[in-house]
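For the sequence shown, the positions run 326 to 594 when my numbering is used. For glycine and all other residues, C-beta sits at the position ideal for the given N, C-alpha and C. Note that the structure is predicted; figures quoted are calculated from it, not measured.
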Amino acid sequence: MTTAFICVTCGSQFASSAEPPPECPICQDSRQFVGLDGQQWTSLEELARQHHNMIHQEEPGLYSIHTEPHFAIGERAFLLQTPQGNLLWDCVALLDPATIDAVHDLGGIAGIAISHPHYYTTMVEWSLAFGNAPIHLHAADLEWVMRPHSNIQHWSGNSRNLPGGLVLCHTPGHFDGFQVLHWPSGAGGKGVLLSGDQPQVCMDTRWVSFMYSYPNYVPLGAKAIEEILNRLDPYKFDRIYGAFPKRTVFEEAKKVVKRSAERFMKAIV
Ligand SMILES: [Zn+2]
Ligand SMILES: [Zn+2]
326 MTTAFICVTC GSQFASSAEP PPECPICQDS RQFVGLDGQQ WTSLEELARQ HHNMIHQEEP
386 GLYSIHTEPH FAIGERAFLL QTPQGNLLWD CVALLDPATI DAVHDLGGIA GIAISHPHYY
446 TTMVEWSLAF GNAPIHLHAA DLEWVMRPHS NIQHWSGNSR NLPGGLVLCH TPGHFDGFQV
506 LHWPSGAGGK GVLLSGDQPQ VCMDTRWVSF MYSYPNYVPL GAKAIEEILN RLDPYKFDRI
566 YGAFPKRTVF EEAKKVVKRS AERFMKAIV
């Protein structure tokens with residue numbers, strides 16, 4: 326019998342194997358860490374026994390999905406409704422029957438896009454549960470896919486249009502293939518950026534940050550931050566939904582990004 330093991334520290338699911346993988350490359354990487362008690366593994370079935378997902382409407386057309394109690398990195402995923410079908414933005418490891426039912430009630434999932442490998446988690450399970458929804462990842466992060474699957478579609482270049490007027494924008498930094506999602510009609514038409522870890526919405530949600538590693542406190546350099554700002558420049562947005570629950574910049578987000586980058590640059594020069 327084989328199991329698609331899940332890393333307890335980052336939530337990544339691996340291709341099925343009889344024994345747990347020897348290590349998790351995502352946690353061995355200098356941006357992450359192996360837990361203080363050493364590498365540990367779980368399975369989707371085991372995870373579902375003691376965890377559940379909370380689904381919360383953030384604004385019309387946008388729902389967050391978050392696992393409780395805390396598991397792995399603790400990020401939230403988002404279900405974004407569009408007239409051309411729903412997109413799952415980022416991902417959480419737990420997918421159970423209650424979540425599948427709730428997401429079906431909200432219109433299901435037509436496509437999946439994930440900011441970077443820290444949130445790849447069980448993306449293949451989500452795709453399989455929702456009609457083989459295509460998973461849009463940036464090709465520069467191909468090496469970090471731990472469970473390869475034909476439903477994963479790697480794209481390259483600076484931007485990619487998705488159904489419903491959504492746009493993926495490539496903003497390398499935290500990861501080479503980092504992508505953010507622009508939702509032009511969000512925030513009452515003022516525009517929304519779903520940013521995952523970059524820019525990271527800070528505890529003081531009037532600010533964002535730009536790190537190579539968040540848990541290990543390694544900042545990005547000035548050049549990378551300038552490039553991220555340049556690439557975000559064409560996109561109009563007033564609100565940013567960050568990776569973690571309640572980490573939302575509700576208004577004037579474009580100004581927030583600019584002044585946060587200025588503050589950050591001063592700190593690292
Ligand atoms: Zn891991
Ligand atoms: Zn990350």
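How many angstroms separate the CA atom of Ala343 from the CA atom of Leu453?
The sequence position of residue 343 within the sequence shown is 18, counting from 1. The sequence position of residue 453 within the sequence shown is 128, counting from 1. Computed Cα separation, rounded: 21 Å.
Just the C-alpha distance for Arg572 and Ser341, rounded to the nearest angstrom, thanks.
Residue numbering aside, residue 572 sits at position 247 when the sequence shown is read from its first letter. Residue numbering aside, residue 341 sits at position 16 when the sequence shown is read from its first letter. Linking Arg572 to Ser341 through their CA atoms gives a straight-line distance of about 34 Å.
Take the Cβ of Gln382 as the centre, count every other Cβ of all protein chains shown within 10 Å, and call the residue buried at 16 or more, exposed below.
The residue you call residue 382 lines up with position 57 of the sequence shown. Per the 10 Å Cβ criterion, exposed.
First and last residue of the uninterrupted alpha helix (DSSP H) at Thr424
In the sequence shown, counting from the first residue as 1, residue 424 sits at position 99. Unbroken alpha helix (DSSP H) run through Thr424: 422 to 430.
Where Cys352 sits in the DSSP three-state scheme
Your numbering for residue 352 matches position 27 in the sequence shown. Look at Cys352 here: in three-state DSSP terms it is helix.
Starting from Met528, trace the beta strand (DSSP E) in both directions and tell me its first and last residue.
As a position in the sequence shown, residue 528 is number 203, starting the count at 1. Unbroken run through Met528: none, as it is neither H nor E.
Using only the alpha-carbon positions, how far apart do Ile351 and Gln406 sit?
Taking the first residue of the sequence shown as 1, we reach residue 351 at position 26. Taking the first residue of the sequence shown as 1, we reach residue 406 at position 81. Cα to Cα, the separation comes out at about 30 Å.
List in chain order the residues whose CB is within less than 7 Å of at least one heavy atom of ligand 1.
Those residues are Cys332, Thr334, Cys335, Ser337, Cys349, Ile351, Cys352, Gln357, given in chain order.
In three-state DSSP terms, what is Val574?
For the purposes of this step, residue 574 is taken as the residue at position 249 of the sequence shown. Here Val574 sits in strand by DSSP.
Quick one: is the Cβ of His441 within less than 7 Å of any heavy atom of ligand 2?
As a position in the sequence shown, residue 441 is number 116, starting the count at 1. At least one heavy atom of ligand 2 lies less than 7 Å from the C-beta of His441.
Spatial distance of Trp480 from Gln504 (CA atoms):
Residue 480 sits at position 155 when you count from the first residue of the sequence shown. Residue 504 sits at position 179 when you count from the first residue of the sequence shown. Spanning the two alpha carbons is a distance of roughly 11 Å.
Below 8 Å CB to CB, which residues in the same chain sit around Arg556 once its five sequence neighbours on both sides are set aside?
On the sequence shown, position 231 is the one that residue 556 refers to. So the list reads Asn483, Cys494, His495, Thr496, once near-sequence residues are dropped.
Cβ shell of Gly386 (< 6 Å), same chain only, five flanking positions each side left out
Position 61 of the sequence shown, counted from the first residue, corresponds to residue 386. Hits under 6 Å: Gln406.
Same chain, Cβ closer than 8 Å to Ala464, neighbours up to 5 away in sequence not counted:
For this step, residue 464 is matched to residue 139 along the sequence shown. Contacts found: His479, Trp480, Ser481, Gly502.
Indicate whether the contact test is met: 3 or more Cβ pairs, each with one atom in the stretch 510 to 520 and one in the stretch 362 to 376, closer than 8 Å.
Contact between the stretch 510 to 520 and the stretch 362 to 376 is absent, because fewer than three Cβ pairs lie under 8 Å.
Cβ-based neighbour list, Arg472, same chain, cut-off 7 Å, excluding 5 preceding and 5 following:
Position 147 of the sequence shown, counted from the first residue, corresponds to residue 472. Close CB contacts of Arg472 within its chain, under the 7 Å cut and outside five residues either way in sequence, are with Ala329, Gln338, Phe339, Ala340, Val449 (chain order).
Taking DSSP as the reference, what is the three-state secondary structure of Met590?
One-based indexing of the sequence shown puts residue 590 at position 265. Residue state, collapsed to three classes: helix.
Glu370 in three-state terms, based on DSSP
As a first step, residue 370 is located in the sequence shown; it is residue number 45 there, counting from the start. Judged by DSSP in its simplified three-state form, Glu370 adopts helix.
Inter-residue spacing [alpha-carbon to alpha-carbon] between Asn486 and Asp362:
The sequence position of residue 486 within the sequence shown is 161, counting from 1. The sequence position of residue 362 within the sequence shown is 37, counting from 1. Roughly 43 Å separates the two Cα atoms.
Assuming Gln525 and Tyr537 form a contact by the criterion Cβ under 8 Å, report the distance between their Cβ atoms to the nearest whole angstrom.
In the sequence shown, counting from the first residue as 1, residue 525 sits at position 200. In the sequence shown, counting from the first residue as 1, residue 537 sits at position 212. For Gln525 against Tyr537, the beta-carbon gap comes to about 11 Å, at or over 8 Å, which does not count as contact.
What first and last residue would you give for the beta strand (DSSP E) that runs through Arg564?
Here residue 564 corresponds to residue number 239 of the sequence shown, with the count starting at 1. Segment 564 to 567, the beta strand (DSSP E) holding Arg564.
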